[in-house]
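What follows is a set of notes on a single structure, which appears directly below.
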Amino acid sequence: MLQYQKSPLMGQMMGQPLLISSIIQHADRYFGSNEIVSRRAEGDIHRYNYRECHRRSKKLANALKKLNIKIGDRVGTLAWNGYRHLETYYAVSGSGAVLHTLNPRLHPEQLAYIINHAEDQYLLFDLTFLPIIEAISAHCKTIKGFIMMCDRDRMPTDGKVPGLMCYEDLIAENSEEFEWPLFDENSASSLCYTSGTTGNPKGALYSHRSTVLHSYASAMPDSLNVSARDCVLPVVPMFHVNAWGLPYSVPMTGAKMVFPGPALDGKSLFELFEQEQVTFSAGVPTVWLGLLTYVAQNNLKFSSFKRTVIGGSACPPAMMKTLRHTYGVEVVHAWGMTEMSPLGTAGTLQTKHLSLPEEQKQAVLEKQGHAIYGVDMKIVDDAGKELPWDGSTYGNLLVKGPWVVSSYFKNEGGDVLQDGWFPTGDVATIDADGYLQITDRSKDVIKSGGEWIGTIDLENVAMAHPAVLQAACIGVFHPKWDERPLLLVVKKPGVEVEKQDLIKFYEGKIAKWWTPDDVVFIEALPLGATGKILKNKLREQFKEYKLPTA
Ligand code: ADP
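Under the UniProt record's numbering, the letters of the sequence shown match residues 1 to 550, in that order.
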């Protein structure tokens, strides 16, 4: 716990708590007629505005009250990006309960584990996920009822899910008269579990204060730069670290919101971008791959798309160049994690960079950016000694700030902080201007003869080759060097390339000894629940791989 000094003279300002309900109230009052457009799980397009969203959120809050949901109780969701999910965000947290967004791409057993661990009382879900609910409902010990987010005519009648309620019935039956309660801004507001690539998933429990501060900070011009003139389409799911805070920062600024629902393929996304004149979007690199492939294959251009934030894993420079130069879309490379709500850094240029040649500007933008005010970071060696910010010394990255976790839910994993700093598990450099560059996750780094090789650089080089669609690099056993890099490549459809061409492609681009020892072409890379490449799966799959020894 931080120790404060007590001042004899306190400021004389209102002690208005920073509560999530104030965001939707603000959006209703000042941007009431601004639109929220959703592609629904039912397949059609739904439109309404912030005023209507607030009205229905209050109806849902009344329904939750009748269901005896109390302050601090957990309420789960298993849903796509859509207006009903947004209403649930505000109704649950606004009432003082805790919104627990579940990732439907997790294994059903893992979902049941998380629901039980969180002790969710109710679970709201989109109709797409009925089969998952049918499979897990019997194992969810604390759930008192399930609410299907659809109209009455879509409700199943087979009674397979006991106590199943209809969302639209709850909305219809309840009054829109609801006064958002006031409580301590440090109260828990929402709960997200990390994907648990190592061990069981752990919960990051956000507060109202941390969420509101994160929303302010993430909307700033050198973060995501969201304004009332934007039309924002969050591709990043509302079940992946609250869609990086966009369900809060977008209503806060009054921007138009467009939700893609379950249709995340290139064609559906492109059509929605054009139809709604989207200006800003956000997502992990793998979704942009799908969209950009579709756009290139069909020789299309975006007519309104101006800016995108890419994060969650490293944005390959080749992808950034295509977006910037071929489509005129500005790319903000951001870094963060579930434990950071998630935003830590964002990459934008400063005045001194504007006169630089294009290549050097691109080099600045390829880094993960600078800390957003509120977040502080440092790199340390294994003994905890702080390392210099010279852009080349790499070390373990530690962070702190008001939207960084201090411990996990139910104190899972015990004390996680090191002298008040959160260890991110990432390895990074920081340059003299404070720009962060992630070298790797510490568990993915390749340890070759006692030296470290960062896999992100190796993948970025491969991704710049015209024949490569996707690339991942892993360390595999080597009798002399312990580990050496093996490059796994998914080729672009209909394009041929030889191993040797790819290995040659590294010449002059990286230190010679970093060059992958071998290349394996594969059909697809295994992706995790948040669209990231599962390196642990690849390591397992290629455990016995024999590298050429010559
Ligand atoms: P998990 O994948 O464990 O659920 P998160 O989704 O919170 O966790 O991912 C956090 C991790 O993702 C970071 O610690 C980092 O390794 C990686 N990451 C996020 N953004 C970037 C980025 N822009 N570049 C490289 N790595 C990133």
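No residue lacks a Cβ here, since even glycine has one placed at the ideal position from N, Cα and C.
Problem set entry | G76 and L123 closer than 8 Å at C-beta | On the sequence shown, position 76 is the one that residue 76 refers to. On the sequence shown, position 123 is the one that residue 123 refers to. Yes, the Cβ-Cβ distance between G76 and L123 is below 8 Å.
Exercise. Tell me which same chain residues have a C-beta within less than 8 Å of the C-beta of M463, skipping the five on either side of it?
Worked result: By 1-based counting over the sequence shown, the position of residue 463 is 463. The answer, listed in chain order, is P316, P317, A318, M319, Q470, A471.
Exercise. Is it a yes or a no for the segment 150-164 touching the segment 59-68, going by three-plus beta-carbon pairs under 8 Å?
Worked result: no
Problem set entry | H325 versus V461: straight-line alpha-carbon distance, rounded | Stepping through the sequence shown from its first residue, residue 325 is reached at position 325. Stepping through the sequence shown from its first residue, residue 461 is reached at position 461. Looking at the two C-alpha atoms, the distance is approximately 18 Å.
For this session: Inspect the beta-carbon positions of V295 and K256 and report whether they are closer than 8 Å.
Result: Mapped onto the sequence shown, residue 295 falls at position 295. Mapped onto the sequence shown, residue 256 falls at position 256. No, they are not a contact pair.
Problem set entry | Identity of the residue in G72, K70, T101 nearest H85 by Cα | Position 85 of the sequence shown holds residue 85. It is T101.
Exercise. Exposed or buried, L486, counting other C-beta atoms within 10 Å across all chains shown (16 or more means buried)?
Worked result: On the sequence shown, position 486 is the one that residue 486 refers to. Result: buried.
Problem set entry | Nearest to V445 (by Cα), restricted to the options N536, G414, H465, K512 | Counted from its first residue, the sequence shown places residue 445 at position 445. Nearest option by C-alpha distance: N536.
Problem set entry | Three-state secondary structure assigned by DSSP to residue 578 | With the chain running from 1 to 550 in the structure shown, residue 578 is simply not present.
Exercise. Under a Cβ-count criterion, where at least 16 other Cβ atoms within 10 Å of its own Cβ denotes burial, should Y206 be classed as buried or exposed?
Worked result: Working through the sequence shown from its first residue, we reach residue 206 at position 206. That one is buried.
For this session: With M320 as the anchor, note down where its alpha helix (DSSP H) starts and where it stops.
Result: Sequence index remark: in the sequence shown, residue 320 carries index 320 (1-based). Unbroken alpha helix (DSSP H) run through M320: 317-321.
Exercise. Rounded to the nearest angstrom, how far is the Cβ of F239 from that of G96, given a contact under 8 Å?
Worked result: Looking up residue 239 in the sequence shown gives position 239. Looking up residue 96 in the sequence shown gives position 96. The pair is not a contact, with the Cβ atoms about 22 Å apart (cut-off 8 Å).
For this session: State yes or no: is the C-beta of V520 within less than 8 Å of the C-beta of I503?
Result: As a first step, residue 520 is located in the sequence shown; it is residue number 520 there, counting from the start. As a first step, residue 503 is located in the sequence shown; it is residue number 503 there, counting from the start. Their beta carbons are not under 8 Å apart, which means V520 does not touch I503 by this criterion.
Problem set entry | Three-state secondary structure assigned by DSSP to W514 | Reading the sequence shown from its first residue, position 514 is the one you call residue 514. It is helical.
Exercise. Would K267 count as contacting chain C if we go by Cβ distances under 8 Å?
Worked result: Among the chains of the structure shown, chain C does not appear; only one protein chain is present.
For this session: Confirm the yes/no value for this check: CB of S249, any heavy atom of the ligand ADP, distance under 7 Å.
Result: Locating residue 249 in the sequence shown gives position 249, counting from the first residue. Outside the cutoff, so no.
Problem set entry | Uninterrupted beta strand (DSSP E) stretches inside the segment 38-108 (no shorter than 3 residues) | 45-49, 74-78, 98-101
Exercise. Taking the continuous alpha helix (DSSP H) assigned at L130, which residues delimit it?
Worked result: Looking up residue 130 in the sequence shown gives position 130. L130 -> alpha helix (DSSP H) spans 130-136.
Exercise. Which residues bound the alpha helix (DSSP H) around M252?
Worked result: Your numbering for residue 252 matches position 252 in the sequence shown. Per DSSP, M252 belongs to the alpha helix (DSSP H) from 246-253.
For this session: Name the one or two DSSP bridge partners that M257 has.
Result: Position 257 of the sequence shown, counted from the first residue, corresponds to residue 257. BP columns for M257 point to I36, V232.
Exercise. In whole angstroms, what is the alpha-carbon distance linking A118 and D126?
Worked result: Indexing the sequence shown from 1 puts residue 118 at position 118. Indexing the sequence shown from 1 puts residue 126 at position 126. Those two C-alpha atoms are separated by around 20 Å.
Exercise. Does at least one heavy atom of the ligand COA sit under 7 Å from the Cβ of H333?
Worked result: The ligand content of the structure shown is limited to the ligand ADP, which means the ligand COA is not among them.
Exercise. Does at least one heavy atom of the ligand ADP sit under 7 Å from the Cβ of I446?
Worked result: For the purposes of this step, residue 446 is taken as the residue at position 446 of the sequence shown. Outside the cutoff, so no.
Exercise. CB of C473 to nearest heavy atom of the ligand ADP: below 7 Å?
Worked result: Along the sequence shown, one-based indexing puts residue 473 at 473. C473 Cβ: outside cutoff for every heavy atom of the ligand ADP.
For this session: May I ask you to check if the CB of R441 is nearer than 7 Å to at least one heavy atom of the ligand ADP?
Result: Start at 1 with the first residue of the sequence shown, and residue 441 comes out as number 441. The answer is yes for R441.
For this session: Go through the UniProt domain "AMP-binding enzyme C-terminal" (458-532) residue by residue and report every complete run of the beta strand (DSSP E) that reaches 3 residues or more, in order.
Result: 468-478, 482-491, 518-521
Exercise. According to the neighbour-count rule (16 or more other Cβ atoms, all chains shown, within 10 Å of its Cβ), is residue 551 buried or exposed?
Worked result: Lying before the first or after the last residue shown, residue 551 is absent from the chain, which here runs from 1 to 550.
Exercise. Would the beta-carbon of I438 be found less than 7 Å away from any heavy atom of the ligand ADP?
Worked result: In the sequence shown, the residue the question calls residue 438 occupies position 438. At least one heavy atom of the ligand ADP is nearer than 7 Å to the Cβ of I438, so yes.
Problem set entry | V250 versus D501: straight-line alpha-carbon distance, rounded | Numbered from its first residue, the sequence shown carries residue 250 at position 250. Numbered from its first residue, the sequence shown carries residue 501 at position 501. For V250 and D501, the distance between alpha carbons rounds to 46 Å.
Problem set entry | Rounded Cβ spacing between L272 and V258 (contact assumed at less than 8 Å) | The sequence position of residue 272 within the sequence shown is 272, counting from 1. The sequence position of residue 258 within the sequence shown is 258, counting from 1. The Cβ separation is near 6 Å, so the contact holds.
Exercise. Which residues mark the beginning and the end of the beta strand (DSSP E) in which L123 is found?
Worked result: Here the question's residue 123 lines up with position 123 in the sequence shown. Looking at the DSSP string, the run of the beta strand (DSSP E) that includes L123 is 120-126.
Exercise. Do you know whose CA, among V404, D390, E386, lies nearest residue 551's CA?
Worked result: Not covered by the structure: residue 551. The range shown for the chain is 1 to 550.
For this session: Look up H370 in the DSSP assignment and give the residues it is bridged to.
Result: Taking the first residue of the sequence shown as position 1, residue 370 is located at position 370. Answer by DSSP bridge pairing, in chain order: A346, Y435.
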